[in-house]
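Trainee: Have a look at this one.
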Amino acid sequence: MKKTNNRGVLIGAAFLMATSAIGPGFLTQTTVFTQSLGASFGFVILTSILIDIGVQLNIWRVIAISEKRAQDIANLLLPGLGGFISLLIVLGGLAFNIGNVAGAGLGLQALLGIPVITGAVLSAGVAIAIFLIKEAGKAMDRFAQLMGFVMIIAIIYIAISSSPPVAQVALRTLIPAKIDLMTIITLVGGTVGGYITFSGGHRLLDAGIKGKQAIPEVSRSAVMGISVASTVRIFLFLASFGVIAKGLLIDAGNPTASVFQLAAGNIGYRLFGLVMFAAAVTSIIGSAYTSVSFIKSFSAKIREQENKVIIAFILVSTLIFVWVGKPVSLLILAGVLNGLILPVTLAVILLAAYQRKIVGEYKHPLWLTVFGILVVCIMTWMSGSVLLDYFKG
């Protein structure tokens, strides 16, 4: 019976991570990058998938073996570091959640024809309802799986409708006409950056899947999460490239909606609304859950009232959007800070993997360590460049 329960949680954690990654920005990025790189975007996706898997395996394995959340691991290495990381996660999570609420409102506007504000409030209500259920963890797992399948089926339908030149895509995935390092880094940051990778890692910990005996299961769940997010990315890329290859003009104001509409007419536009809603509402849930999981170590009251704090987090995000709209400068700064979270947290995890007081007798695979160090170096350089550009003006 325990094995069956574990299987449900492992799949749920994978889908929670994947659907946290697949938000409004993920959808827009995929379409825009397909426009700029064409079939060669397939190579960028393939490269980013390999990096994502390496990053996520490093983080989830160390969280499971240490039986501690990321902020607690950081505090054991350097007192106060966990608090700093938690602050970055919560500020980034709140800023992005405002964007997620807006995206969910846009999705329901396209799907049902209702005003964006009304759609945003309804979407927040759906997210809050999950945390009003007694077994919120199970409800969150099931909802993430349901929305994940809805997105995959809808996007596959659009990809088939757009009839992309698959042979050209296959060729350019292996032999790209052009390579864009910045795009690869952006995709990695959008899939496992910020709070995203920790949504699944912390979910497994909360469900009691931890310790040395759980490592094989945790590793499979980590790879499954990347696979689900990448499936959505690949089929959205194919759908977008199918439209571009026909010479059709994509509307720059709402590129993903334009792809859906050009590929499948009015049905396509409604399906865009469904996918945008599903992507945004699951990101609201993932962001709120993970942000609170980063601060509950510091307060017994937050631990006791976790679901209420998560609901408050969603309410604050929604109220800011309703009263202020999307604070563009805040979102840009959050994006910049979000880029810093991955190199800092991954460096912490790699150091922790060799601390006996944290991982005991566990031996971390050398290839994962080398892979992780390379990602930390590249992401630090890229994030530093972006941060300098931001403060220069």
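Heads up: the sequence shown begins at 24 in our numbering, then just goes up one per residue. No residue lacks a Cβ here, since even glycine has one placed at the ideal position from N, Cα and C. Remember, it's a predicted structure, so these values are computed and weren't measured experimentally.
#1: Have a look at Ile337 and Gly296 and give me their C-alpha separation to the nearest angstrom.
#2: Just tell me which of Leu131, Ile290, Gly61, Leu33 has its CA closest to the CA of Ile267.
#3: Does the beta-carbon distance from Ile334 to Ile121 come in below 8 Å?
#4: Can you look up Tyr180 in the DSSP assignment and give me helix, strand or coil?
#5: Find the nearest neighbour of Arg256 within the set Ala37, Ala280, Ile179, judged by alpha-carbon distance.
#6: Indicate whether Leu391 and Leu80 have their beta-carbon atoms separated by less than 8 Å.
#7: Where Val402 and Ser185 are concerned, what is the direct C-alpha to C-alpha distance, given to the nearest angstrom?
#8: Please name the residue, chosen from Ala87, Phe56, Ala97, that lies closest to Lys233 on a Cα-to-Cα basis.
#9: Identify which residue in Arg243, Ala41, Met405, Phe221 has its Cα closest to the Cα of Gln94.
#10: Counting only runs that start and end within the segment 236 to 316, where is the alpha helix (DSSP H) found for 4 or more residues in a row?
#11: To the nearest angstrom, how far is it from the Cα of Ile325 to the Cα of Val215?
#12: Helix, strand or coil: which one does DSSP assign to Gly160?
#13: Can you tell which of Ile318, Trp83, Ala159, Ala177 has the C-alpha that lies nearest to the C-alpha of Val282?
#14: Starting from the Cα of Ile249, find the closest Cα among Gly31, Gly116, Thr70 and give me that residue.
#15: Answer yes or no: do Ile181 and Ala286 have a C-beta to C-beta separation smaller than 8 Å?
Mentor: Taking the geometry as given:
#1: Against the sequence shown, residue 337 aligns to sequence position 314. Against the sequence shown, residue 296 aligns to sequence position 273. So the alpha carbons of these two residues sit roughly 21 Å apart.
#2: Here residue 267 refers to the residue found at position 244 of the sequence shown. Of the candidates Leu131, Ile290, Gly61, Leu33, the one whose C-alpha sits nearest the C-alpha of Ile267 is Gly61.
#3: For the purposes of this step, residue 334 is identified with residue 311 of the sequence shown, where counting begins at 1. For the purposes of this step, residue 121 is identified with residue 98 of the sequence shown, where counting begins at 1. No, the Cβ-Cβ distance between Ile334 and Ile121 is not below 8 Å.
#4: Residue 180 sits at position 157 when you count from the first residue of the sequence shown. Helix, per DSSP.
#5: Mapped onto the sequence shown, residue 256 falls at position 233. Nearest option by C-alpha distance: Ile179.
#6: In the sequence shown, residue 391 corresponds to position 368, counting from 1. In the sequence shown, residue 80 corresponds to position 57, counting from 1. Yes; because the gap between Cβ atoms is below 8 Å, this pair is in contact.
#7: By one-based count along the sequence shown, residue 402 stands at place 379. By one-based count along the sequence shown, residue 185 stands at place 162. In the sequence under discussion, the amino acid at residue 402 is Met, which differs from the Val named in the question. Whole-angstrom Cα-Cα distance: 35 Å.
#8: Within the sequence shown, the letter at position 210 stands for residue 233. A check of alpha carbon separations from Lys233 across Ala87, Phe56, Ala97 identifies Ala87 as the nearest.
#9: Locating residue 94 in the sequence shown gives position 71, counting from the first residue. Among Arg243, Ala41, Met405, Phe221, the Cα nearest to that of Gln94 is on Phe221.
#10: Taking 4 residues as the minimum length, the alpha helix (DSSP H) runs contained wholly in the segment 236 to 316 are 238 to 268, in order along the chain.
#11: Taking the sequence shown and counting its residues from 1, the one referred to as residue 325 is at position 302. Taking the sequence shown and counting its residues from 1, the one referred to as residue 215 is at position 192. Cα to Cα, the separation comes out at about 26 Å.
#12: On the sequence shown, residue 160 is found 137 positions in, with the first residue counted as 1. When DSSP states are grouped into helix, strand and coil, Gly160 belongs to the helix group.
#13: Indexing the sequence shown from 1 puts residue 282 at position 259. Nearest option by C-alpha distance: Ala177.
#14: Here residue 249 refers to the residue found at position 226 when the sequence shown is read from its first residue. Among Gly31, Gly116, Thr70, the Cα nearest to that of Ile249 is on Thr70.
#15: What you label residue 181 is simply residue 158 of the sequence shown in a count that begins at 1. What you label residue 286 is simply residue 263 of the sequence shown in a count that begins at 1. Contact: yes.
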